[in-house]
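Read in order, the letters of the sequence shown are residues 9 to 158 in my numbering.
Glycine included, every Cβ here is placed at the ideal spot set by N, Cα and C.
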Amino acid sequence: MNTIELAKKYLIDYLKNKDVLFKKIKDIKEESDSFTIIFNERKTKYLIQLDIIPKKLIEELENNRDLSLVCVNNSENLKKVIKLWKTLISYRNFSIYFINPFSETGKHWALFPATHYIVTDRFKHGLSTLQSSVEKISLEEFEKKANEYS
Numbered sequence: 009m010n011t012i013e014l015a016k017k018y019l020i021d022y023l024k025n026k027d028v029l030f031k032k033i034k035d036i037k038e039e040s041d042s043f044t045i046i047f048n049e050r051k052t053k054y055l056i057q058l059d060i061i062p063k064k065l066i067e068e069l070e071n072n073r074d075l076s077l078v079c080v081n082n083s084e085n086l087k088k089v090i091k092l093w094k095t096l097i098s099y100r101n102f103s104i105y106f107i108n109p110f111s112e113t114g115k116h117w118a119l120f121p122a123t124h125y126i127v128t129d130r131f132k133h134g135l136s137t138l139q140s141s142v143e144k145i146s147l148e149e150f151e152k153k154a155n156e157y158s
């Protein structure tokens, strides 16, 4: 399974499981590097960028206010988020899922920049603490394990 497909499968399965009680998901439309979930009251696009591409992410945010980003949980991606922080906090409905489906501890952690900005003043330390709940994984190792995954 390729890395993009694995990331999509992981997050779609997670979101479906999370929705078991509420049944708000009406449909899921998959594209090559993203998927969109149509909920009862809104729709959200989930952009897969295992390695965050800042320019492309900002372009997507400008075109889609209900956007979530899915990336690999590693130090490089966290550094990019910190660098983009002042821009990201202006998008109220934006979230980021840092994933490692191969982790022995948690498999992902989620960040909502606008909300986290409001509730934390020591954000860099707070983000590092959140990130530590899921094992970090390099892109190379993620790709290797995705190829072995069936």
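Give the single residue among the options whose Cα lies nearest to the Cα of residue i.
i	options	result
K141	E149, F150, A122 and G114	In the sequence as presented, Lys is not what sits at residue 141; that position holds Ser. Measuring from the Cα of S141, the nearest candidate turns out to be G114.
V80	E148, N155, Y157 and M9	E148
L75	N82, K31, E49 and T44	T44
Y105	T95, W93 and Q57	Q57
S40	N10, N25 and K31	N10
E70	L135, K53, N82 and I90	K53
T82	W93, S136, I20 and A154	Rather than Thr, the amino acid found at residue 82 in this sequence is Asn. Residue S136 is the option with its Cα nearest to N82.
S103	F120, K51 and N48	F120
L86	E156, L138 and V28	L138
Y125	L96, K51 and F150	L96
I145	S111, E156 and L55	S111
R100	I90, P109, K94 and A122	A122
I107	I90, R73 and F150	F150
P109	D27, K152 and E49	K152
E143	A154, H116 and I12	H116
For the alpha helix (DSSP H) that residue i lies in, which residues bound it at each end?
i	result
L92	S83 to L96
K64	P62 to N71
F150	L147 to E156
Mind checking residue i: buried by the 16 CB within 10 Å criterion, or exposed?
i	result
A118	exposed
V78	buried
S98	exposed
S42	buried
F30	exposed
How many whole angstroms separate the CB atoms of residue i and residue j, which I take to be in contact at a CB cut-off of 8 Å?
i	j	result
K16	I60	So it is not a contact: roughly 16 Å between Cβ atoms.
K32	F47	5 Å
P62	L19	The pair is not a contact, with the Cβ atoms about 21 Å apart (cut-off 8 Å).
L55	Y157	Not a contact, Cβ separation roughly 21 Å.
Starting from residue i, follow the beta strand (DSSP E) in both directions and report where the run begins and ends.
i	result
T52	K51 to I56
K37	I33 to E38
L14	Note, L14: premise wrong, no beta strand (DSSP E); alpha helix (DSSP H) at T11 to K26.
S42	S42 to F47
L165	The displayed coordinates of the chain run from 9 to 158. Any statement about residue 165 would go beyond what the structure contains.
S103	S103 to I107
L119	H116 to L119
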